[in-house]
Each structure stands twice: as structure tokens, then as C-alpha cells.
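*Asks:*
Numbering (the working numbering), first residue to last: 20 to 299.
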């Protein structure tokens with residue numbers, strides 16, 4: 020380990036001062052460390068050439084780093100400065116000891132699946148996006164019903180009229196998908212979740228699909244003027260009627276440090292109060 024990039028979430032008050040401490044900590048161990056300012060949205064990939072990445076922020080900062088690092092198999096060391104910390108599981112008070120363990124090769128390294136969406140227009144790919152949490156297709160303005168045809172591995176799945184649809188990884192099952200009524204899925208499972216957003220029909224229920232398959236969604240004409248697609252809550256891509264989106268699992272995986280199964284279930288209990296009863 021010779022080079023480290025520290026992603027500093029500029030919206031988190033403690034992030035910059037903690038980054039300075041980490042730079043000093045790493046340089047004392049002969050590791051070159053650089054800082055990268057992240058304000059929640061970024062279209063560039065600054066990760067090439069680094070041996071590992073430290074993120075200082077919440078889960079959104081980890082999502083940004085994981086999408087960019089997956090292509091290079093760069094491990095992400097996620098320090099939690101946010102509210103939930105499902106993925107950013109390393110607490111500030113533990114980060115230096117945990118980082119020392121990581122540098123000594125003693126940390127638990129886990130891999131998480133990402134999904135990618137290809138946008139076809141007129142038979143050609145016009146856009147691609149990746150997500151560690153989810154791909155969302157919806158009306159640009161809230162509370163507007165759109166019309167979608169969905170299929171899985173070329174087999175018709177459903178004709179969906181809803182505010183939109185969420186295609187989620189197991190990691191993202193605790194994010195927007197859960198808010199829309201989707202199931203919580205162990206992040207080590209191999210699956211793609213399809214969760215309708217406020218469907219017109221009560222029979223349109225969330226479904227857990229084989230992670231090795233491909234979901235296809237066609238945008239049908241409707242009264243909504245603007246429909247968009249978003250990856251992990253990033254800047255939306257505008258869709259047109261007759262567009263087709265194909266979503267499947269990426270070959271590359273996110274490499275995360277100390278995002279263990281134990282910490283995931285601990286977060287369920289402490290963050291979502293998933294404890295079996297109101298007084299447990």
C-alpha cells in the first residue's frame with residue numbers, strides 16, 4: 020500500500036480536519052495520501068492509480084467511491100460521518116485503529132454487487148450508469164403516474180402503472196426500496212430487487228429476481244411530460260417515450276473494508292429498530 024485517496028465530503032463539518040489527521044497518520048507510515056473534495060455530486064473518476072480509498076462522510080460518499088473503485092478493484096475504507104451508516108460502518112472513534120489493522124492485512128474485506136443500466140434509444144446505447152444501491156426510473160415531478168412494460172430474461176413480467184420503479188441491489192435494499200415497501204435483503208445474496216413506487220394496482224408487488232438475469236423496462240407513452248432515470252441519487256438522465264433500459268449485475272464488484280455481516284445486522288437493530296417489537 021503506497022498511495023491513498025481520501026474522499027472528503029465537504030458537507031460534513033468534521034471531514035476536513037479528520038482528513039488532515041489521516042494524511043499525517045498515513046504519511047508517518049510511508050504512504051502518500053491525497054484529499055479529494057466531494058460535495059454529493061461528481062461526474063469524474065479520480066481513483067485510478069491509488070491502492071486504497073478512505074471515505075469521510077455518509078453512505079452517499081461510499082456509493083460514489085464504490086462506483087468508481089469497482090473498475091480497478093480498489094478497496095474502500097468507509098468512515099461514517101453521516102446519520103445511518105449502513106455501508107459507512109467504521110465509526111470515527113475507531114477509524115485509526117481500524118485503519119492500522121487494514122494496513123497490516125488484518126481487516127475483513129467484503130465484495131458487494133453493483134448493477135448497471137444501459138439506455139437504448141433507436142436501437143443504440145445512449146447512456147450507461149452504475150449503482151451500488153439502486154437505479155430509479157420515475158416522473159421528474161412527484162405524484163405522477165408513468166407507464167412501463169417490464170420483463171426479465173426476455174419473459175414478460177408486468178405492465179406497470181406507478182410513480183416509478185426501483186431496481187435495487189441487496190446492499191440498496193435498506194435504502195429507497197425499503198421506503199417504498201421492498202424487502203430487506205442480506206447484502207451477501209446474489210439478487211436484483213424490483214420495487215414499484217406507489218403502483219396503481221394493489222397486485223403490483225415487489226419481487227426478488229435472480230442476480231444473474233437481466234431486467235428490461237420500456238417507457239410507454241403517458242401524460243407525464245418528463246421521465247428520468249437516476250443512479251444512487253445522482254443527477255438524473257432524461258428519458259423519452261419508447262426508450263428501453265436494460266439492467267443487470269456488473270462483472271466488477273465493490274470492495275469494502277470491515278462491512279461485515281455482523282455490522283449489517285447491528286445497523287438493522289440500531290438504525291431501523293428492527294428488533295422484533297417496540298420495546299426490544
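Note that the Cβ used here is the ideal one computed from N, Cα and C, for glycine as well.
If you draw a straight line from the alpha carbon of residue 275 to that of residue 242, how long is it in whole angstroms?
*Replies:* Distance between the alpha carbons of residue 275 and residue 242 is about 43 Å.
*Asks:* Count the other CB atoms, across all protein chains shown, that sit within 10 Å of the CB of residue 132; report buried if there are 16 or more and exposed otherwise.
*Replies:* Buried, because 16 or more other Cβ atoms sit within 10 Å of the Cβ of residue 132.
*Asks:* Taking only the alpha-carbon atoms, compute the straight-line gap between residue 104 and residue 227 and give it to the nearest angstrom.
*Replies:* Using only the alpha carbons, I get a separation of about 24 Å.
*Asks:* Just confirm the distance between the C-beta atoms of residue 31 and residue 100, as a whole number of angstroms; I'd bet it's less than 8 Å.
*Replies:* With 8 Å as the limit, residue 31 and residue 100 qualify as a contact, their Cβ atoms being about 4 Å apart.
*Asks:* Would you identify the three-state DSSP class for residue 299, choosing helix, strand or coil?
*Replies:* A caution first: residue 299 carries a pLDDT of 48, below 50, which makes its placement in the model unreliable, though a value can still be read off. In the structure shown, residue 299 sits in coil (DSSP, three-state: anything other than H, G, I, E or B).
*Asks:* Around the C-beta of residue 182, are 16 or more other C-beta atoms found within 10 angstroms, so that it is buried, or is it exposed?
*Replies:* Label assigned to residue 182: buried.
*Asks:* From the DSSP output, read off the bridge partner residues of residue 183.
*Replies:* BP columns for residue 183 point to 157, 216.
*Asks:* In angstroms, rounded to a whole number, what distance separates the CA positions of residue 310 and residue 216?
*Replies:* A question about residue 310 goes unanswered here, because the residues of the chain that appear run from 20 up to 299.
*Asks:* In the DSSP assignment, what residue or residues form a beta bridge with residue 73?
*Replies:* Bridge partners of residue 73: 25, 96.
*Asks:* Do you know offhand how far residue 45's Cα is from residue 238's?
*Replies:* Taking the straight line joining both Cα atoms gives about 49 Å.
*Asks:* For residue 240, which residues of its own chain have a beta-carbon under 6 Å away from its beta-carbon, when the five flanking residues on both sides are left out?
*Replies:* Result list for residue 240: 260, in chain order.
*Asks:* Starting from residue 284, trace the alpha helix (DSSP H) both ways and give me its first and last residue.
*Replies:* Element bounds for residue 284: 280 to 290.
*Asks:* Assuming residue 197 and residue 152 are in contact, meaning their beta carbons sit under 8 Å apart, how far apart are those beta carbons, in whole angstroms?
*Replies:* Rounded, the Cβ-Cβ distance is 11 Å, inconsistent with contact.
*Asks:* Taking residue 245 and residue 257 to be in contact with their CB atoms under 8 Å, please state how far apart those CB atoms are, rounded to whole angstroms.
*Replies:* That belief holds up - the Cβ atoms of residue 245 and residue 257 are roughly 7 Å apart, short of 8 Å.
*Asks:* Can residue 85 and residue 273 be called in contact, C-beta distance under 9 Å?
*Replies:* Going by C-beta atoms, residue 85 is nearer than 9 Å to residue 273.
*Asks:* Using the three-state DSSP reduction, which class does residue 91 fall into: helix, strand or coil?
*Replies:* Three-state DSSP puts residue 91 in a helix.
*Asks:* Going by DSSP, which residues form a beta bridge with residue 175?
*Replies:* Per DSSP, 170.
*Asks:* With a threshold of 16 other CB atoms inside 10 Å of the CB of residue 290, please say whether the residue is buried or exposed.
*Replies:* Under this definition residue 290 is an exposed residue.
*Asks:* Work out the CA separation of residue 180 and residue 121 for me, nearest whole Å.
*Replies:* If I take the Cα positions, the gap works out to 48 Å.
*Asks:* Which residue wins for smallest C-alpha separation from residue 166, given the options 269, 184, 40?
*Replies:* Closest by alpha carbon: 184.
*Asks:* Among residues of its own chain, excluding the 5 on either side of residue 299, which ones have a beta-carbon nearer than 6 Å to its beta-carbon?
*Replies:* Interpretation of residue 299 is limited by its pLDDT of 48, a score under 50 that renders its predicted location unreliable; the figure taken from the coordinates is listed afterwards. Taken in chain order, the list of residues that qualify is empty.
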